[in-house]
Amino acid sequence: MSSTNPQALFPFLPDNAPFSPDQRAYLNGLLAGMFSSSPAMSDFAEDSAPARPLTILFGSQTGNAESVAKQAAKKANVQGFQTTVFDMEAYPKENLAAEQNLLIITSTYGEGEPPDNAMELHAFLLSDAAPKLENVHFSVLGLGDSNYPDFNECAKQFDVRLAELGAQRMHDGVYCDVDFDDDFEAWLTGTLAAAGDVTATTSSATQSQTVAPVAVEAPAGHSRKNPFPAKLLSNYNLNKVGSAKETRHVEICLEGSGLEYEAGDALGVFPVNCTDLVEELLALTGFDGEEAVPGMDGAEVALRLALAEHYDITNLSKLFLANLAPFSNHEKLNKLLADGNGNIDEYIKGRQIIDPLVDFPGKWSSAAEFIDMFKKLAPRLYSISSSPKAHPGHVHLTVGAVRYETHGRSRKGVCSTFLADLPAGTPVRVYVHPNKHFKPPADPNRPMIMVGPGTGIAPFRAFLEERHAVDAPGKNWLFFGDQKSAFDFLYEDQLNELKEAEKLHRLDLAFSRDSAEKFYVQHLMIQQGEELFTWLEEGGHFYVCGDASRMAKDVDAALHEIVKTVGRKTEEEAAAYIDDLRKQKRYVRDVY
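Quick note: the sequence shown uses this note's numbering, first residue 5, plus one each step.
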C-alpha cells in the first residue's frame, strides 16, 4: 500500500452518511482500530510518518465552542494528526502532564466565569493540586463578546495558568469577538503548523485515549452563514396594560427552510438596525448613503444598507473611541483615552455609538474609512419557546423588548425592538443554533424542575409542550417569577391549562413587587427545599434559564443551601453532590 493522503489512513464514513455525529465518531473509531492493526496498515506505516497526537478540550455553554472544537479536529485529522476531542467535564485530569499538543477552546459567560462544563478543570488548574506541565505544548482560543467587560476572561486565565505551570505556547492565544470565523481559521492554521513542528514521542497515556477522527456535520442548507428569510407570522405583548415591561411572543414560519429544531435549542436572528438611527448617522457624517463600502462578506454595498444590516451601530466600546480619535482629534476624547483612570468607562456607561459621534464630531475622507470603524452586526440568539411537536413548521420566541432613556436620549435594544416592531408578513433572517446539552430528560419518567423567571420561561414552555406532546409520565415543576402578578404572569392561561391536564404538577410563583419585601424564585426554592431535594433524590433534572450575573448565582446558592440543609451534608459534601448532578447532565443552565 502506498499513499500520502492522511484521510486514507483508515476507512472514514463521509459527513453525509445516514448516522448522527456521535454514531459516526464511534463507527470511525471502530474502523480505525480494526484497520490500524491489519498487516496492510503495518506495511503502510513503514512508508508514512506516524500520526502526531493532538488533544482538544472545549468549554462551552451554548454549543459554539464545541462546534468549533469539532471543526478544528476535522481539519487536524486531514493534516495527519491523531486527534482527541474532550468535553472539559469528561476529560481525565490525570492525563494533563502527559499531553504533547493541547488546544483549549472555550467561551466565557457571566462576569468572566468559565462555562459550566469547564468549571471543574478550571478550578483544578488554578489550584495547588495542578501538576507541572513542562512537556506540554499548547494554544488557547477564546470565544467572547467585546461588549462585555470581562471579554474572554476564562480563555485568558487558561492561557496564563498553563504557562505558569510550565507549558510552552506553540502559538499565541487568540481571543475572538462574536464574529469569530476568520480569527478562528487564522489561529487554527498557525497552531497546526506549529504543532507539526513539535517533535515528541506519543506517550502511552495519550495512546490509550486516542479516538477516531471526529466527523463533523458540514453546514448544509440554511445556517449562520446562510440564514433563511423566514416570515414573521405574529408578535404580541404578553404583559397586560399597566406593566412596566414589554415581553413579546413572536411566531415565525420555517416552512420551506429545511430547518429543524428541538426543544432546548436557540434561534439565531439577524436584526436590522433602527432606520432613524441610520439616518442620524448619515446626517452627522455628511454622506448621502449611496456610497459603496465593504459589506459583511467583503462585497460592496451601499453605505445606508451597510449601516442598516451589516454593522453594529449601537454598542459603544473603548475600541470604537480609539478608532474615532484620529478622525475627531477632539481634546476631551484624547484626554479620555489617555487618562486610564476609569473616566472612559464612566463615559461609555449608558451611551451608544451615536453619542461620541455627536460629542466629538469627526471628518472622514471616504465612506469606506468611516465604516471601517464598526464591528460586524452579530446575530442574536433567543431560547426557543415552542416544541416542534406542538407547532410543526413554526418556531416561537419570548422576547423582552428593551426601551429606555439615558443621557437625554431614547435607546432601543437592537434585535428585541426590531422583532417587537416588525409587522406580520415581514421576512426575518434566521437559523437554528443547536444546544444538545439543554434538553428535557431523555428518560420521560424522570422528574423535571425548571427555574425560569421573566423571559427565562422560554425554553421551559418548550419543554412542557414537548413532554405533553409525547405524554411523558415524569413530574414537572416550574418556578416562575416576575414583577407583578396582575400584569406580568407570562403564559398564565397555558400554564394553568397544563396544570389542569396534570402535565404541570407544581407551579410556584414569585412576583417581586407584589409585597413590600422583594421575593424571588430562589426564596421559593428555599421554602420548598424538602420536596425539591426529594425530587432530586428521585433522579430529577434541575434546569435554570435567565440572567447569569445575578439570578443564576442566587439560584445556585439556594440549591447548595437546600442540599446542605435538607440532605444533612457539609458544604464540601453539598458541593460534591451538585458537581455530580452537573456531570450526569442533571443540573444544566441556559444563562446569559
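Every residue gets a Cβ at the ideal spot worked out from N, C-alpha and C, and that includes glycine.
#### Entry: From E506, E504, L511, W481, residue whose alpha carbon lies closest to that of F493
L511
### Query
Okay, do the stretch 430-440 and the stretch 263-274 touch, 3+ Cβ pairs below 8 Å being the bar?
Look at the beta carbons and you see the stretch 430-440 touching the stretch 263-274: at least three pairs across the two are nearer than 8 Å.
#### Entry: Contiguous alpha helix (DSSP H) assignments of at least 4 residues, all confined to the stretch 108-143
Fully enclosed alpha helix (DSSP H) runs of 4 or longer: 123-130.
### Query
From M454 to P360, what does the alpha carbon distance come to, in whole angstroms?
43 Å
### Message
Among V144, H398, S64, whose alpha-carbon lies nearest the alpha-carbon of I108?
### Response
V144
#### Entry: Beta-carbon contacts of E138 that lie in its chain and below 6 Å, excluding the five residues immediately before and after
G170
### Task
Please confirm if the stretch 325-340 is in contact with the stretch 287-297, defined as three or more CB-CB distances below 8 Å between the two stretches.
no
### Query
Which residue's Cα is closest to the Cα of F546: A578, Q487, E504, D560?
When each option's Cα is compared against that of F546, the closest is D560.
### Task
Taking only runs that begin and end inside the stretch 479-544, name each unbroken beta strand (DSSP E) of 3 or more residues, in chain order.
The stretch 479-544 is shown to contain whole beta strand (DSSP E) runs of 3 or more residues at 480-486, 510-515, in chain order.
### Query
Straight-line CA distance for R450 to Y265?
22 Å
### Query
Is DSSP giving K573 helix, strand or coil here?
coil
### Task
Determine the contact status of V72 and L147, defining contact as a CB-CB distance below 8 Å.
yes
### Query
Alpha carbon to alpha carbon, what distance is there between A428 and V3?
Beyond the ends of the chain as shown, which are 5 and 596, falls residue 3; an answer cannot be given.
### Query
To which residues of the same chain is L130 closer than 8 Å at the C-beta, ignoring the five residues directly before and after it?
Q161, R165
### Query
By the 10 Å Cβ neighbour count, where 16 or more other Cβ atoms means buried, how is Q498 classified, buried or exposed?
exposed
### Task
Quick one: using the 10 Å Cβ neighbour count with 16 as the cut-off for buried, is N333 buried or exposed?
exposed
### Query
Taking only runs of the alpha helix (DSSP H) that begin and end inside the stretch 353-436, which ones reach a length of at least 4 residues, in chain order?
358-363, 371-375, 418-424
### Message
Nearest by alpha-carbon distance to F184: which of P135, V254, M300, A133 is it?
### Response
M300
### Task
Hey, could you find the ends of the alpha helix (DSSP H) K472 is sitting in?
Reading the sequence as shown, one finds His at residue 472 and not Lys. Start and end: 462-473.
### Under the three-state DSSP convention, the category L169 falls into
Note: L169 maps to coil in three-state DSSP.
### Task
Going by DSSP, name the residue or residues bridged to P298.
E304
### Message
If you follow the beta strand (DSSP E) that P330 is in, where does it begin and where does it stop?
### Response
Taken as a continuous stretch (DSSP letters only), P330 belongs to no beta strand (DSSP E), being part of the alpha helix (DSSP H) at 322-332.
### Task
Rounded to whole angstroms, what's the CA-CA distance from S40 to F85? Just pull it up for me.
With a pLDDT of 39 at S40, under the threshold of 50, the modelled position of this residue cannot be trusted, and the question is left open.
### Query
I317 by DSSP, collapsed to three states: which one?
coil
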